[in-house]
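To start, the structure under review is shown below, and the notes come after it.
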Amino acid sequence: MANLKDIRNRIKSVKSTQQVTKAMKMVAAAKLKRAQDRIIQLRPYAAKLREIIGNVTSVLSAEDIPSDLVKPREIKNVLIVLVTSNRGLCGPFNTNIIKEAAQFADNTYAREKAQGRLHFLCIGRKGHEYFKKRGYQVLGENRDVFTNLTFETVNQVIEEIFEGYRSGKFDKVHLVYNEFKNVMQQNRKVETFLPLAAEEMKANGEEAETKELKSDYIFEPGREEILEELIPKALRLQVFRAVLESNAAEQGARMVAMDTATENANELLKELRISYNKARQAAITKEILEIASGANALEA
Amino acid sequence: MKTFDLEIVTPEKQVFAGAVQSVQVPGTQGSFQVLHQHAPIISTLSKGKIKLVNAAGEEHTYSMQDGVIEVLNNKAIVLVERILDED
Numbered sequence: 001m002a003n004l005k006d007i008r009n010r011i012k013s014v015k016s017t018q019q020v021t022k023a024m025k026m027v028a029a030a031k032l033k034r035a036q037d038r039i040i041q042l043r044p045y046a047a048k049l050r051e052i053i054g055n056v057t058s059v060l061s062a063e064d065i066p067s068d069l070v071k072p073r074e075i076k077n078v079l080i081v082l083v084t085s086n087r088g089l090c091g092p093f094n095t096n097i098i099k100e101a102a103q104f105a106d107n108t109y110a111r112e113k114a115q116g117r118l119h120f121l122c123i124g125r126k127g128h129e130y131f132k133k134r135g136y137q138v139l140g141e142n143r144d145v146f147t148n149l150t151f152e153t154v155n156q157v158i159e160e161i162f163e164g165y166r167s168g169k170f171d172k173v174h175l176v177y178n179e180f181k182n183v184m185q186q187n188r189k190v191e192t193f194l195p196l197a198a199e200e201m202k203a204n205g206e207e208a209e210t211k212e213l214k215s216d217y218i219f220e221p222g223r224e225e226i227l228e229e230l231i232p233k234a235l236r237l238q239v240f241r242a243v244l245e246s247n248a249a250e251q252g253a254r255m256v257a258m259d260t261a262t263e264n265a266n267e268l269l270k271e272l273r274i275s276y277n278k279a280r281q282a283a284i285t286k287e288i289l290e291i292a293s294g295a296n297a298l299e300a
Numbered sequence: 301m302k303t304f305d306l307e308i309v310t311p312e313k314q315v316f317a318g319a320v321q322s323v324q325v326p327g328t329q330g331s332f333q334v335l336h337q338h339a340p341i342i343s344t345l346s347k348g349k350i351k352l353v354n355a356a357g358e359e360h361t362y363s364m365q366d367g368v369i370e371v372l373n374n375k376a377i378v379l380v381e382r383i384l385d386e387d
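Structure, rendered in structure tokens:
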């Protein structure tokens, strides 16, 4: 049996680890609340933008939608935008989404990958490290996005994507991220980001049409020009939302992971205490035995 | 003076919501003012100032960049990506 001092030391170290995990859980819970609030605050803007785009597109046919962000082209270069977190200690959060992205890349773009025409752009450090280490074509790291999470900082990344797409550096862009479902669960999402599906926009438009009974809007400037402005807005919003969702999901995952860790530490402490008491009792028994036998020896 | 509802929202927060007498916005084809019972309009906005007069007659100004306004049924909604400053 381990000696008393060893067990005492172990108990101490488990306790301090437990304090850390407990604190991290509480921090994650607070951050989660804030992250969720931000998603909620995004909703009115997102809903309204969809509605306006629906209104504008309702009369246009898919071919009339002018933006170069809509037209599909021959796929030569592919970009996968992957949202992970900067920090670890959040359970399988990063591993899962990275696996999802790698699998998606292998299944859909094996040929592009072999020819070096598959690129990754990682928002968050974890994904960046993973793909960099494995020799993928990785563009930016974008670690700052999470240290200062505003529309502004996310926008810089988006502009980079837009520019790459416009200049023909990529012909197709996918977005891979964790969507926040609830604290326990994240949905792993793979979305096509560019080119934008014109059909989808039309669908929104028809929805708006039946709902609003098609008001006679004045369009200033024309429908096409407005659309040209609105489409990038909608796309920017899509990325921003993905980042916010991933942020909330990360905090949720961390909260759960840290809660489990605290729980496990409790179990461990219980076991350690039992063996500590056993060892202590054994030592005492041994001592008494020695004294008793010593006394017996004197009497004899 | 008659009023209508105005909302100014960004992806990050709601900047303004409430009844106003008028609002002036920097349309891409020139600045224009929206009053009570304005015709339905959708217009993109360029960089500039939003000036509103609230129900109490006080004036507020916001500097903005890249937005769009929709007016329908006496309700105006301004979507702005960035509010530079307000007073």
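Just so you know, the sequences run in chain order A and B.
Note that the numbering used here has the first sequence beginning at 1, numbered continuously upward.
Note that the numbering used here has the second sequence beginning at 301, numbered continuously upward.
Built from N, CA and C at the ideal position, the CB exists for glycine as well.
For clarity, every value in this text was computed on a predicted model and none was experimentally measured.
Give a yes or no on whether the minimum CB-CB distance between Ser343/B and chain A is below 7 Å.
Position 43 of the second sequence holds residue 343/B. It does; some Cβ of chain A falls within 7 Å.
Grab the span of the alpha helix (DSSP H) containing Asn142/A for me, first residue to last.
Here residue 142/A is taken as the residue at index 142 of the first sequence, counted from 1. Counting along the chain, Asn142/A falls outside any alpha helix (DSSP H), and DSSP gives it neither H nor E.
For a test of the three-state rule: what should DSSP assign to Gln103/A, helix, strand or coil?
Walking along the first sequence from the start, residue 103/A turns up at place 103. The answer is helix: DSSP assigns Gln103/A an H, G or I state.
Can you find a C-beta in chain A that's less than 7 Å from the C-beta of Ala317/B?
Within the second sequence, numbered from 1, the residue matching residue 317/B stands at position 17. No, because no Cβ of chain A sits closer than 7 Å to the Cβ of Ala317/B.
Thr147/A versus chain B: which residues are under 7 Å apart at the beta carbon?
Here residue 147/A is taken as the residue at index 147 of the first sequence, counted from 1. Per Cβ cutoff of 7 Å: no residues; Thr147/A is ~16 Å from chain B at best.
Given that Gly327/B touches chain A, what residues does it touch there, using C-beta distances under 8 Å?
As a position in the second sequence, residue 327/B is number 27, starting the count at 1. Glu220, listed in chain order.
Which residues in chain A have a C-beta closer than 8 Å to the C-beta of Thr310/B? List them in chain order.
For this step, residue 310/B is matched to residue 10 along the second sequence. The answer, in chain order, is Tyr45, Phe151.
Taking its Cβ as the centre, do 16 or more other Cβ atoms sit within 10 Å of Ala253/A, making it buried, or is it exposed?
The residue labelled residue 253/A in the question sits at position 253 within the first sequence. So Ala253/A counts as buried.
Taking C-beta to C-beta, are Tyr45/A and Leu379/B nearer than 7 Å?
Locating residue 45/A in the first sequence gives position 45, counting from the first residue. Locating residue 379/B in the second sequence gives position 79, counting from the first residue. Yes, these two residues count as a Cβ contact at 7 Å.
Taking Cβ-Cβ distances below 7 Å as the criterion, which residues of the segment 154 to 181 of chain A are in contact with chain B?
none
Tell me the rounded alpha-carbon separation between Asp68/A and Arg236/A.
Translated into the one-based positions of the first sequence, residue 68/A becomes position 68. Translated into the one-based positions of the first sequence, residue 236/A becomes position 236. Cα to Cα, the separation comes out at about 15 Å.
For Asp305/B and Ala101/A, what's the separation of their Cα atoms in angstroms?
For this step, residue 305/B is matched to residue 5 along the second sequence. For this step, residue 101/A is matched to residue 101 along the first sequence. C-alpha separation (whole angstroms): 45 Å.
Quick check on this structure: which residue in Gly327/B, Ser322/B, Lys313/B has the alpha carbon closest to the alpha carbon of Glu229/A?
For the purposes of this step, residue 229/A is identified with residue 229 of the first sequence, where counting begins at 1. Here the closest residue by C-alpha is Gly327/B.
Which partner residues of Ser331/B appear in the DSSP bridge assignment?
The count along the second sequence starts at 1 and reaches residue 331/B at position 31. DSSP lists Pro326/B as the beta-bridge partner residues of Ser331/B.
How about Leu379/B: is its C-beta nearer than 7 Å to some C-beta of chain A?
Sequence index remark: in the second sequence, residue 379/B carries index 79 (1-based). For Leu379/B, the answer is yes, since a Cβ of chain A falls inside 7 Å of its Cβ.
Name the DSSP bridge partner or partners of Gln365/B?
Against the second sequence, residue 365/B aligns to sequence position 65. Gln365/B pairs with Arg382/B.
If you draw a straight line from the C-alpha of Ile52/A to the C-alpha of Val176/A, how long is it?
Residue numbering aside, residue 52/A sits at position 52 when the first sequence is read from its first letter. Residue numbering aside, residue 176/A sits at position 176 when the first sequence is read from its first letter. Counting only the Cα atoms, Val176/A lies some 26 Å from Ile52/A.
Going by DSSP, name the residue or residues bridged to Arg188/A.
Looking up residue 188/A in the first sequence gives position 188. In DSSP, Arg188/A forms a bridge with Asn178/A.
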